[in-house]
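Chains as they are written, first to last, in our numbering: chain A, 12 to 115; chain B, 302 to 539. Glycine is no exception: its CB is placed at the ideal position from the N, C-alpha and C atoms.
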Amino acid sequence: MYPHERSLVNRMKDRPFVLLGVNSDINREKTREVCKSKDLTWRSWWDRNTSGPISRHWNVSGWPTIYILDHKGVIRAKSVGFKDFDPLIERLVAEAEAGARAND
Amino acid sequence: MWKTGLLLLLAWLVPPAGAEESDSAAAWEQLDRDYKTAERRFYKPWNDAKARGKPYALDYTKHPSRTFLPRFLAFVRHNRGSDEAVKALIHVIRYTSDQKERGGAVAVLIEDYAKSQAIRPAIWILRSRAPDSLDMLIEMSPHRDIQGLAMLARAQGLKNTDQARALRMLKDLQRKYTDVVERGSTLAYKAEREIFEIENLAVGKVAPDIEGEDLAGVSFKLSDYRGKVVMLDFWGDW
């Protein structure tokens, strides 16, 4: 999973895209070390454990769970378990860029 | 003399109490041990190659989860009605790619255990592999906790395809199952969270905001990123 996320983040650099995590590891310090050593640059909320407040609110019961939101904050796709969202992300990012150009 | 003979005959006809149970338990232990050994053997070349820094492509068609299917099926045939047979049936339902074999295992499971508490661990695999069978279980089980769990599982399976029906079942759970507890929370509470997901976290809805601390302890919000496409990844390094 990490190599795919890293390449996605690198590819989308300078475009209207962000990867945000909700991390359910119990040991926050250890996860910070992992992020450093594996070059995981994206930001994560720390949710304390698998039944943390954010995971509970979002009714998450399988990991990873992934949501794709467009630039207006609308949920456009979701999945429990890994799924290749790259084509959808590319389309939504192009949509966001077209919207930004129209507003110029 | 004839009395001794009769006693011997009776002893032979009537197995000592609990014998069948311990037999199936011992047979299961043996099968489980063999399975784990086969798994270790399956991954060994990969582990050895990894230790030498070399790649190794595993042939998953030879994974014991598949090659052991005949043994799990044989176990079910010889131990029908035992608690261990439920575990063997779960394995078959999960790993077989043969529709007929899966259908047969589901039919045995319902026939032998629909009225029993022993079916409980199988409910989660039925959710993904044989969701229709949950309707039968809801109908047939005399146990409230089994009925409730089967309803929750059925509704979870339906939430992306038939939301109206899922919502009806969940609202029923929310009203009537305030007393059944699964992993620390009541089915009514779980149903409430599912209803929240259908009503607020479905494709097409505006995502609720998130506010909290990052791994470094700095607070931030999801809405800080409005204007960007967001991939929200619930993850753990485990």
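request  = Please confirm if TRP347 of chain B has its CB atom under 8 angstroms from at least one CB of chain A.
outcome  = Start at 1 with the first residue of the second sequence, and residue 347 of chain B comes out as number 46. It does not; no Cβ of chain A falls within 8 angstroms.
query = What's the C-alpha gap between LEU309 of chain B and LEU474 of chain B?
reply = For the purposes of this step, residue 309 of chain B is identified with residue 8 of the second sequence, where counting begins at 1. For the purposes of this step, residue 474 of chain B is identified with residue 173 of the second sequence, where counting begins at 1. Confidence in LEU309 of chain B is poor, its pLDDT being 48 and thus under 50, which makes the residue's placement too unreliable to answer from.
request  = Under 8 angstroms between beta-carbons, which chain B residues line up against ALA88 of chain A? List them in chain order, please.
outcome  = Numbered from 1 along the first sequence, position 77 holds the residue referred to as residue 88 of chain A. Within 8 angstroms of the CB of ALA88 of chain A, the CB atoms of chain B belong to VAL504, in sequence order along the chain.
ask   = On the three-state DSSP scale, how would you describe TRP536 of chain B?
value = Position 235 of the second sequence, counted from the first residue, corresponds to residue 536 of chain B. Strand.
key: Residues of its chain near GLY537 of chain B, where Cβ-Cβ distance is below 8 angstroms and the 5 sequence neighbours each way are ignored   = Indexing the second sequence from 1 puts residue 537 of chain B at position 236. If we look at GLY537 of chain B and ignore the five residues flanking it on each side, it has no Cβ neighbours.
ask   = Is there contact between the stretch 482–491 of chain B and the stretch 449–462 of chain B, where contact requires at least three CB pairs shorter than 8 angstroms?
value = Result yes; three or more Cβ-Cβ pairs closer than 8 angstroms.
ask   = Roughly how many angstroms separate the alpha carbons of ILE494 of chain B and ARG484 of chain B, rounded to a whole number?
value = Within the second sequence, residue 494 of chain B is the residue found at index 193, counting from 1. Within the second sequence, residue 484 of chain B is the residue found at index 183, counting from 1. Contrary to the premise, residue 494 of chain B reads as Arg rather than Ile in this sequence. Taking the straight line joining both Cα atoms gives about 15 angstroms.
inquiry  = Between which two residues does the beta strand (DSSP E) holding ALA88 of chain A run?
reply    = What you label residue 88 of chain A is simply residue 77 of the first sequence in a count that begins at 1. Looking at the DSSP string, the run of the beta strand (DSSP E) that includes ALA88 of chain A is 86–91.
key: CB contact flag (PRO432 of chain B, ARG455 of chain B, <8 angstroms)   = Here the question's residue 432 of chain B lines up with position 131 in the second sequence. Here the question's residue 455 of chain B lines up with position 154 in the second sequence. The criterion of a C-beta distance shorter than 8 angstroms is satisfied by PRO432 of chain B and ARG455 of chain B.
Unbroken alpha helix (DSSP H) run spanning TRP425 of chain B, endpoints = To locate residue 425 of chain B, count along the second sequence from 1; it is residue 124. For TRP425 of chain B, the enclosing alpha helix (DSSP H) starts and ends at 424–430.
Range covered by the beta strand (DSSP E) that runs through ILE77 of chain A = Translated into positions along the first sequence, residue 77 of chain A becomes position 66. 76–80 is the span of the beta strand (DSSP E), which, as asked, contains ILE77 of chain A.
inquiry  = Cβ closer than 9 angstroms: which chain B residues qualify as neighbours of THR52 of chain A?
reply    = Sequence index remark: in the first sequence, residue 52 of chain A carries index 41 (1-based). For THR52 of chain A, none of the residues of chain B pass the 9 angstroms Cβ criterion, the least Cβ distance being about 12 angstroms.
task = Would you please state the rounded distance, in angstroms, between the beta carbons of GLU340 of chain B and PRO356 of chain B? I believe it to be under 8 angstroms.
result = In the second sequence, the residue the question calls residue 340 of chain B occupies position 39. In the second sequence, the residue the question calls residue 356 of chain B occupies position 55. Wrong, their Cβ atoms sit about 20 angstroms apart, outside the cutoff.
inquiry  = Please confirm whether ARG445 of chain B has its beta-carbon closer than 8 angstroms to some beta-carbon of chain A.
reply    = Mapped onto the second sequence, residue 445 of chain B falls at position 144. For ARG445 of chain B, the nearest beta carbon of chain A is not closer than 8 angstroms to its own beta carbon.
query = What is the DSSP secondary structure of ARG395 of chain B, reduced to helix, strand or coil?
reply = The residue given as residue 395 of chain B occupies position 94 in the second sequence. In the structure shown, the three-state DSSP call for ARG395 of chain B is helix.
request  = Closer than 8 angstroms by C-beta to MET12 of chain A: which residues in its own chain qualify, once you throw out the five before and the five after it? Chain order, please.
outcome  = For the purposes of this step, residue 12 of chain A is taken as the residue at position 1 of the first sequence. Correct list, in chain order: PRO75, PHE93.
task = Identify each residue in the stretch 23–38 of chain A for which the Cβ-Cβ distance to at least one residue of chain B is less than 8 angstroms, and report them in chain order.
result = Answer in chain order: PRO27, PHE28, VAL29, LEU30, LEU31, GLY32, VAL33, ASN34, SER35, ASP36.
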